[in-house]
Each structure stands twice: as structure tokens, then as C-alpha cells.
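In UniProt numbering, the protein residues as written are 1 to 186.
Where is the CB? At the ideal position from N, CA and C, for every residue including glycine.
These numbers come from a predicted model, not from an experiment.
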């Protein structure tokens, strides 16, 4: 297991890290290893409101993995969770998700949503386990986008797999209610 240093930073406060992560995401999405990734709209990714969660290899100083969150009141959306080739299967993705969750808890977030991609071959099992082991639960329903179509929501450009359809499921992690966090219901 590599010696990993974790940190979170708002994109506006660390534009060099934001640009490096955006560049890595684009490179990975274009490689054979990243065929199942979809590139975020880079403007959204570099948005001043995005918080980056970065895993850095202390020995090589390379970025080993990353994720981003955007906040809307007391809710957050986790997106672009990536463990880079060479670091997959070593727990880096889980560490990045843990860092994101810790940051959300510190900000008083009560729930985190994410989208997970399903393919014709089935679920991305390692990623699914990472989320389920941290308490994320599937929400009802599956979104389907036919071959050749692109779906744009406020965070992602999503394109169907060649020869398949794009399917996504939404997951949610409840971090607690205001009462559970020590505040009276109002």
C-alpha cells in the first residue's frame, strides 16, 4: 500500500491542483483503462464552488486518486471519484470517499448523493462496494440514455457506451438529521 496523503481544497483556493485533477480526469477518460469514465464539463469541475478531495502518493508526489463535491445547502453531491491506474485495488478510492465524507460532516451536510454507472456488463463492483461499505443506499429507479445520446446535467457529460446503453443509479448517504446532530427540530 502506498503512503497516501489526503487533503480537501476548494478549487478556487488551489487552482493548480484543480487544473491537475481536471487534466488527469481527461487523460484517464481517453485511455483504455478509462473507457467507462465520462469527463466532467471542465468549467463545472473548476467551478469555485467545487471542493476537491485528493489522494497524493507521498513517495512520488503523484496524484493517486481524487473526487469532487458540490454543495447545495445542507446537501452535497459527490462526483468524479477516480483511483488512477497503478493505484486501483489498493484502497485509494475508499480513502478519497472517506475524505469527502469527513469534509461534508465538518460542513454540517446531512446527506450526500452520487450517481453510479451501470453497464451492459453489470455494476462496477469495486466502486459499488466502496460506496455500500460507507452506508450509501440505492434510490429507486434507473435512468437510461440510448446509444449515441449525450445527457448533460449540471455536473456531467454522459455518453452511452459503444454497443450499449448508458444506465445510471443514484445512491444516497444520510449523515444525520438536525435532531441527530444535536439541534432541536423546529
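DSSP places residue 100 inside the alpha helix (DSSP H), whose first and last residues are 92-106. Contact between residue 61 and residue 2 fails: their C-beta atoms lie close to 11 Å from each other, not under 8 Å. Residue 109 sits in coil when the DSSP states are folded into three classes, being neither helix nor strand. Counted as a single uninterrupted DSSP element, the beta strand (DSSP E) harbouring residue 79 occupies residues 75-83.
Contact check for residue 127 against residue 112 fails: the beta carbons are separated by 8 Å or more. Bridge pairing for residue 66: 54, 82 [DSSP]. Around the C-beta of residue 16, fewer than 16 other C-beta atoms lie within 10 Å, and the residue is accordingly described as exposed. Less than 8 Å separates the beta-carbon of residue 68 from that of residue 50. Each of 81, 174, 73 was checked against the Cα of residue 22, and the nearest Cα belongs to 81.
Rounded to whole angstroms, the gap between the alpha carbons of residue 86 and residue 65 is 10 Å. Around the C-beta of residue 7, fewer than 16 other C-beta atoms lie within 10 Å, and the residue is accordingly described as exposed. Contact between residue 78 and residue 24 fails: their C-beta atoms lie close to 17 Å from each other, not under 8 Å. Look at residue 131 here: in three-state DSSP terms it is helix.
Distance from the Cα of residue 88 is smallest, within the candidate group 103, 55, 109, 101, for 55.
Comparing alpha carbon positions, the residue from 139, 92, 109 closest to residue 71 is 109.
Here residue 57 has 2, 64 as same chain residues with Cβ atoms under 6 Å from its own Cβ, once five neighbours each way along the sequence are excluded.
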